[in-house]
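Peer 1: There's a structure below that I have some questions on.
Numbering (the working numbering), first residue to last: 2 to 127.
Here's what the structure looks like:
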């Protein structure tokens with residue numbers, strides 16, 4: 002059995018251990034919240050990239066289906082409502098042997114100065 006003087010020397014150690022454990026736990030929770038925020042931000046960016054890719058491929062598909070009127074699809078800075086500050090540019094160049102089409106979609110996230118873009122180039126023969 003421990004003497005009374007030994008117990009008095011240990012007074013408050015359990016409280017200190019509990020405080021240290023709670024501090025470590027709080028830092029762990031903050032790290033998890035930070036990782037969740039970064040994951041959410043990355044998922045949002047990926048959604049915009051997928052939307053831009055879909056719009057580019059949709060435009061190219063329309064032009065492939067209506068080759069004879071490819072020049073009528075040429076646009077410059079057409080506003081796209083599904084992307085933040087989204088714009089679509091379609092450049093059509095006809096040569097003697099084929100039609101060259103470049104579709105570019107740009108968007109800018111709110112609060113960012115970086116303009117993101119997705120482009121695709123194709124040649125249509127015939």
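Quick reminder that beta carbons are idealized off the backbone N, C-alpha and C, glycines included.
Nothing here was measured: the structure is a model prediction, and the numbers come from that model.
What are the partner residues of residue 125, as DSSP defines its beta bridges?
Peer 2: Partner(s): 100.
Peer 1: Excluding the five sequence neighbours on either side, which residues of its own chain have a C-beta within less than 6 Å of the C-beta of residue 103, listed in chain order?
Peer 2: For residue 103, where only same-chain residues beyond five positions count, the Cβ hits under 6 Å are 92, 122.
Peer 1: Taking its Cβ as the centre, do 16 or more other Cβ atoms sit within 10 Å of residue 21, making it buried, or is it exposed?
Peer 2: Under this definition residue 21 is an exposed residue.
Peer 1: Where residue 67 and residue 36 are concerned, what is the direct C-alpha to C-alpha distance, given to the nearest angstrom?
Peer 2: Residue 67 and residue 36: Cα-Cα distance of roughly 47 Å.
Peer 1: Leaving out five residues on either side along the sequence, give the residues of the same chain with a beta carbon under 6 Å from the beta carbon of residue 64.
Peer 2: So the list reads 71, 74, 102, once near-sequence residues are dropped.
Peer 1: Output the boundary residues of the alpha helix (DSSP H) element that contains residue 70.
Peer 2: Premise fails: residue 70 is in no alpha helix (DSSP H) and is neither H nor E.
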